[in-house]
Amino acid sequence: MKNLMNKWNQLSLVKQIIVGLIIGIILAVTIPDVAKPITIFGSLFVGALKGIAPILVFFLVMSAISQHKSGHQTNMKSIIFLYLLGTFLAAVVAVAASFIFPVTLTLAAGAKDVTPPGGVVEVLKALLMNVVDNPVKALFNANYIGILAWALVLGTALKNAPDTTKTVISNFSDALTLMVRWVIKFAPLGIMGLVFDSIATSGLGVLLSYGQLLAVLIGCMVFIALVVNPIIVYLNIRQNPYPLVFRCLRESGITAFFTRSSAANIPVNMTLCENLGLDKDTYSVSIPLGATINMAGAAVTISVMTLAAVHTLGIQVDIGTALILSVLAAISACGASGVAGGSLLLIPLAASLFGIPNDIAMQIVGVGFIVGVLQDSFETALNSSTDALFTASAEFAKWRKEGKAIIINK
Numbered sequence: 001m002k003n004l005m006n007k008w009n010q011l012s013l014v015k016q017i018i019v020g021l022i023i024g025i026i027l028a029v030t031i032p033d034v035a036k037p038i039t040i041f042g043s044l045f046v047g048a049l050k051g052i053a054p055i056l057v058f059f060l061v062m063s064a065i066s067q068h069k070s071g072h073q074t075n076m077k078s079i080i081f082l083y084l085l086g087t088f089l090a091a092v093v094a095v096a097a098s099f100i101f102p103v104t105l106t107l108a109a110g111a112k113d114v115t116p117p118g119g120v121v122e123v124l125k126a127l128l129m130n131v132v133d134n135p136v137k138a139l140f141n142a143n144y145i146g147i148l149a150w151a152l153v154l155g156t157a158l159k160n161a162p163d164t165t166k167t168v169i170s171n172f173s174d175a176l177t178l179m180v181r182w183v184i185k186f187a188p189l190g191i192m193g194l195v196f197d198s199i200a201t202s203g204l205g206v207l208l209s210y211g212q213l214l215a216v217l218i219g220c221m222v223f224i225a226l227v228v229n230p231i232i233v234y235l236n237i238r239q240n241p242y243p244l245v246f247r248c249l250r251e252s253g254i255t256a257f258f259t260r261s262s263a264a265n266i267p268v269n270m271t272l273c274e275n276l277g278l279d280k281d282t283y284s285v286s287i288p289l290g291a292t293i294n295m296a297g298a299a300v301t302i303s304v305m306t307l308a309a310v311h312t313l314g315i316q317v318d319i320g321t322a323l324i325l326s327v328l329a330a331i332s333a334c335g336a337s338g339v340a341g342g343s344l345l346l347i348p349l350a351a352s353l354f355g356i357p358n359d360i361a362m363q364i365v366g367v368g369f370i371v372g373v374l375q376d377s378f379e380t381a382l383n384s385s386t387d388a389l390f391t392a393s394a395e396f397a398k399w400r401k402e403g404k405a406i407i408i409n410k
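If you're matching positions, the sequence shown starts at 1 in my numbering and goes up one per residue.
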């Protein structure tokens with residue numbers, strides 16, 4: 001038994017997660033009723049990540065800002081530009097794919113007990129109101145825009161505090177980072193429980209009738225992950241982008257795929273950035289910000305689902321309107337909530353551009369919830385892994401200009 005544990009500990013975390021994934025699939029297919037209790041591992045894992053992430057972000061950002069030395073340059077402007085560019089290009093790819101492979105749907109029952117926003121202004125207003133949310137409420141509700149805003153303000157206010165105060169804050173930050181590492185060590189068990197729960201409860205049979213829609217959605221996201229993002233990264237680092245792309249997909253995308261929550265994946269991305277040797281002052285801000293505004297997957301979902309409704313209703317769309325949809329989808333995606341299915345509620349907003357009635361748009365949302373087992377998993381994996389990818393890309397671009405070596409697979 002001791003030898004077995006030693007061999008297990010010698011495996012990398014990614015290999016351990018793959019083992020947990022395989023075991024979860026086998027148990028779900030062979031003995032779903034007997035193995036049902038293992039779903040608790042998935043719930044505990046996601047719960048622990050979601051629980052620690054808000055306070056981790058708060059202390060990391062506050063510590064980084066309070067101890068920030070004047071003259072020390074961060075890459076936030078470059079990272080935010082990459083976030084917005086990536087989200088817009090994702091919308092463009094999705095619109096183009098929807099024209100090349102038009103999808104018509106058999107409409108499902110409308111989604112109930114959900115209220116979509118009334119317009120882009122309402123989405124942006126909600127985003128801005130989150131900035132000035134009560135700090136305690138922001139921590140409780142995992143409102144990362146609010147958490148970032150208050151952490152930035154408090155960190156700035158503490159710049160002139162005694163070094164002992166800053167040391168205490170830094171110690172809390174380091175302790176929370178260590179706690180995150182402990183939680184992530186349980187990722188293989190968590191992933192095993194999550195994949196078992198997905199297959200045993202939802203199955204894949206219900207998705208077959210929406211195969212064409214899923215093919216366009218997932219195809220767009222894979223194309224962005226493996227073609228568009230690598231081009232963006234190459235333009236920054238001027239070397240083969242795929243080692244970095246695959247590392248981010250492997251170490252961030254896999255956990256995000258199963259947790260289906262960008263917020264829950266923040267600690268995972270923080271650890272990945274630390275392992276890549278990135279500047280803590282930068283990634284402690286850029287990663288939680290990315291979980292809120294870097295939403296390439298959401299832009300794909302909004303664009304494809306809206307144009308599926310357009311094609312189903314036989315509405316003609318010109319190039320100008322398609323471009324407006326790309327911009328609208330990108331802006332709306334930045335305001336999408338970081339919870340499972342958050343992007344779906346923005347479909348009625350985009351559909352209103354084509355005069356589609358709200359009741360029909362909500363039926364499209366209903367279809368979205370049906371295919372959400374896979375759609376939302378791929379969407380979150382793309383969104384969250386890209387947070388780390390663009391943060392690293394901007395940092396490595398700076399290293400390249402300074403003549404420093406870029407070592408990705410340490």
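A virtual CB, placed ideally from N, CA and C, is assigned to each residue, including glycine.
Exposure of residue 359 is indicated by the presence of fewer than 16 other C-beta atoms within 10 angstroms of its C-beta.
The Cβ-Cβ distance between residue 315 and residue 350 does not fall below 7 Å. Residue 318 has its alpha-carbon roughly 37 Å from the corresponding atom of residue 287. Here residue 295 carries a coil assignment [DSSP, helix/strand/coil]. Residue 321 carries a helical assignment under DSSP once its states are collapsed to helix, strand and coil. Our two residues, residue 372 and residue 11, have alpha carbons roughly 32 Å apart in a direct line. In its own chain, leaving out the 5 sequence neighbours on each side, no residue places its CB closer than 6 Å to the CB of residue 240. Around the Cβ of residue 197, a 10 Å sphere holds 16 or more other Cβ atoms; the residue is buried.
The beta-carbon distance between residue 278 and residue 395, rounded to whole angstroms, is 5 Å. This is short enough to meet the 8 Å contact definition. Apart from the 5 residues on each side of it in sequence, residue 256 sits with its Cβ closer than 6 Å to the Cβ of 265, 380, 381, 384 in its chain, given in chain order.
Three or more beta-carbon pairs separated by less than 8 Å link the region 78–93 to the region 323–330, which places the two stretches in contact.
Contact between the region 165–175 and the region 223–238 is absent: fewer than three C-beta pairs spanning the two stretches fall below 8 Å. In the DSSP annotation of this structure, residue 251 is not part of any alpha helix (DSSP H), being labelled neither H nor E.
Between residue 23 and residue 221, the gap from beta carbon to beta carbon reaches 7 Å or more.
Assigned with DSSP and collapsed to three states, residue 366 falls in helix. The beta carbon of residue 267 sits closer than 8 Å to the beta carbons of 49, 52, 53, 56, 180, 183, 184 from its chain, once the five residues preceding and following it are set aside; these are given in chain order.
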